[in-house]
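Working notes, structure below.
Right, here's the structure in full:
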């Protein structure tokens with residue numbers, strides 16, 4: 062980055078769990094462990110949307126999702142004597158595999174509490190990285206109780222999936238890469254679940270380029286962040302109902318203030334539009350993205366965006382494809398039936 | 062490339078329809094119209110296969126397949142007064158879209174004879190590039206008769222999908238890129254149908270690096286190339302039976318001599334193994350590849366390769382992922398049923 066950009070940087074007051082400085086530190090800490098993911102383009106989708114869209118392909122990230130950024134930053138921030146006791150998390154998704162992989166990279170044990178209904182591909186990923194799986198029921202109470210028990214027994218350090226300053230800083234490294242790759246970005250659209258990803262990106266991107274807009278993309282059946290913005294207080298996410306298994310969490314007390322203050326708006330889309338977005342990414346970009354990862358494109362192509370003054374005026378929009386871990390078994394079943402030899 | 066490499070180049074006698082010089086000319090002719098596709102790696106698949114595999118991602122090529130290389134080279138080789146009459150092909154697959162796109166790039170008409178049973182995604186691609194579709198029955202006789210009629214009416218030039226020196230030279234440009242990207246390659250595995258792709262790659266790669274091995278990958282239900290090699294004469298491909306819709310053609314008189322002389326061996330795999338290869342590419346590399354495009358990985362992971370002395374000794378193998386145009390409707394049907402909003 063040039064001097065001019067540096068002069069324009071805004072060092073936000075440290076009122077949040079992370080800031081541009083902590084995100085820059087995170088980047089140095091994790092850079093040897095993660096990949097700088099490519100930015101993809103599709104002239105077909107550009108024509109369709111009437112603007113330039115830039116896709117940050119975190120589905121190509123190690124472990125198949127952005128989560129390794131935050132997990133690595135948290136794990137490598139621990140002092141040796143603490144780290145050696147191991148780490149612990151409870152997650153049904155990409156964070157579980159990321160914690161297992163980060164522990165493997167630091168050569169310490171990882172205990173992963175997983176609900177029995179987690180998608181098989183995400184369980185496979187934890188196994189692949191050598192994490193120790195501890196089973197729980199699907200309720201958050203069961204997961205928390207079992208995690209507490211494991212923590213008591215092992216002394217392992219809990220790595221929260223999003224409500225953690227180091228995790229938020231790690232996810233924010235996406236903003237630094239993305240703005241270096243595409244300085245012209247006027248907005249970034251980010252999937253929103255617990256809010257770790259969008260908090261990190263908002264703090265990083267607005268720290269470097271205060272004029273940039275940050276929009277959340279959230280499924281209709283788990284739209285607690287949109288409701289929280291509308292009512293200016295954290296709304297509980299009771300019985301989330303969405304195909305996007307990665308977007309069912311609810312905001313934490315560390316992510317909410319960032320979303321309240323720095324996220325310009327949240328675009329809510331239904332599951333059918335998420336599937337349409339996935340189809341377009343598979344067909345035009347030839348990439349595999351999970352439902353949660355495709356929601357950003359669905360949001361940009363939605364009616365809500367078309368009539369949204371702030372979104373409509375942006376000519377260059379970045380979209381974070383957050384992950385690519387999805388069970389495609391129905392496709393393989395079909396293909397296997399179509400085999401002729 | 063350095064001087065040493067140039068000194069080691071073998072300029073093959075011009076006994077074939079293409080050679081290293083024609084491939085180099087093709088590269089200059091088409092370079093502004095095509096993409097240099099990336100080479101992808103997977104540490105997971107490397108561990109599984111016990112060697113280093115390099116995937117040349119032609120599924121990311123313009124039009125979703127390598128075919129635009131040969132089509133562009135053929136179309137831009139035509140003198141202006143010939144080109145303006147338009148071009149013509151009959152194809153159920155990626156070549157059809159490639160010819161339509163190449164014609165669009167040169168701003169001339171394209172007539173595409175397509176059998177009624179062609180995959181929808183491939184028909185959509187022809188439409189997307191503005192090609193004029195002329196319907197035929199699925200038999201090769203019907204396609205040829207209708208193509209002859211269109212040619213008589215329009216004076217358009219036929220661009221054969223593979224039995225054409227310019228097309229072979231265009232496909233051969235993959236070898237030049239691939240060996241620049243990964244000079245250490247000891248072998249390249251290439252899907253084989255009519256033989257245009259593997260002929261071009263064999264001529265290009267062995268022209269630059271005579272020690273490199275070239276292996277074909279062919280489906281069990283359309284293994285005419287393997288049978289031709291075994292009997293040393295072109296074997297007809299009667300009633301091909303394979304899921305890999307791009308691999309049902311039979312060798313031509315221009316591709317056969319190259320395959321006979323320069324392809325080291327052909328590995329035959331069944332459709333179920335092709336699906337396993339696809340699954341691995343989708344899950345590990347997060348990319349969309351069609352069945353014909355995944356056969357190279359299936360071949361490398363096959364039992365035949367494990368016991369094949371020439372394949373087994375190669376530590377660095379290049380695999381050409383030829384295309385990514387595949388109807389995924391069964392997946393979208395399933396996903397739409399799983400939608401909750």
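Residue numbers (my numbering), protein chains in the order written: chain A, 62 to 402; chain B, 62 to 402.
Built from N, CA and C at the ideal position, the CB exists for glycine as well.
Only a predicted model underlies this, so the values are computations on that prediction, with no experimental measurement involved.
Check	Outcome
Distance between residue 113 (chain B) and residue 114 (chain A) (C-alpha atoms, nearest Å)	34 Å
Simplified DSSP assignment, three categories, for residue 334 (chain B)	helix
7 Å Cβ cut-off: residues of chain B touching residue 55 (chain A)	Since the displayed chain A opens at 62 and closes at 402, residue 55 (chain A) lies outside it and no answer follows.
Beta-bridge partners of residue 115 (chain A), as assigned by DSSP	A:379
Selection of the segment 273-285 of chain A by Cβ proximity to chain B, strictly under 8 Å	280, 281, 282
Under 8 Å by beta carbon: chain A residues contacting residue 336 (chain B)	393, 396, 397, 400
Contacting positions in the segment 299-310 of chain A - beta carbon closer than 8 Å to chain B	302, 303, 304
Residue 392 (chain A) beta carbon less than 8 Å from that of residue 389 (chain B)	yes
Proximal residues to residue 329 (chain B) (C-beta, below 6 Å), its chain only, five neighbours per side dropped	279, 281, 284, 287
Min CB distance residue 117 (chain A) to chain B below 8 Å	no
Cross-strand partners of residue 235 (chain B) (DSSP beta bridge)	Its beta-bridge partners do not exist; DSSP assigns none.
Status (buried if at least 16 other CB within 10 Å, exposed otherwise) for residue 292 (chain A)	exposed
Partner residues on chain A for residue 333 (chain B), Cβ-Cβ distance less than 8 Å	397, 400, 402
Counted within 10 angstroms of its Cβ, other Cβ atoms place residue 105 (chain B) as buried (16 or more) or exposed	exposed
Straight-line Cα distance separating residue 307 (chain B) from residue 202 (chain B)	18 Å
Local Cβ density within 10 Å of residue 398 (chain B), reported as buried at 16 or more and exposed below that	exposed
Cutoff 8 Å: residue 109 (chain B) Cβ touching any chain A Cβ	no
Distance between residue 179 (chain B) and residue 219 (chain B) (C-alpha atoms, nearest Å)	20 Å
Residue 389 (chain A) at chain B interface by Cβ criterion, 8 Å	yes
Reduced DSSP secondary structure (H/G/I, E/B, other) of residue 402 (chain B)	coil
8 Å CB neighbourhood of residue 144 (chain A) in its chain, flanking five on each side removed	136, 167, 169, 218
Contact check, residue 163 (chain A) vs residue 193 (chain A), beta carbons under 8 Å	no
CB of residue 100 (chain A) within 8 Å of CB of residue 121 (chain A), strictly	no
Proximity winner among B:119, B:127, B:132, B:196, relative to residue 153 (chain B) (alpha-carbon distances)	B:196
The segment 248-259 of chain B touching the segment 308-316 of chain B, judged by at least three CB pairs closer than 8 Å	yes
Residue 156 (chain B) (DSSP reduced to helix, strand or coil)	helix
Per DSSP, cross-strand counterpart(s) of residue 277 (chain B)	B:251, B:327
Cβ-Cβ distance between residue 187 (chain B) and residue 149 (chain B) below 8 Å	no
C-alpha gap between residue 127 (chain B) and residue 243 (chain B), whole angstroms	18 Å
Residue 195 (chain A), enclosing beta strand (DSSP E) - first and last residue	193-197
Contacts around residue 321 (chain B), its chain only, beta-carbon distance under 8 Å, and the 5 residues preceding and following it disregarded	289, 290, 293
Residue 191 (chain B) versus B:214, B:158, B:182, B:206, residue with shortest Cα-Cα distance	B:158
Closest residue to residue 405 (chain A) among A:222, A:189, A:198, A:147 (Cα-Cα distance)	Outside the displayed span of chain A (62 to 402) sits residue 405 (chain A), for which this structure offers no information.
Below-8 Å beta-carbon distance, residue 121 (chain B) vs any chain A residue	yes
Per-residue DSSP class, three states only, for residue 215 (chain B)	helix
Touch test, the segment 329-338 of chain B against the segment 349-359 of chain B, Cβ-Cβ under 8 Å, three pairs minimum	yes
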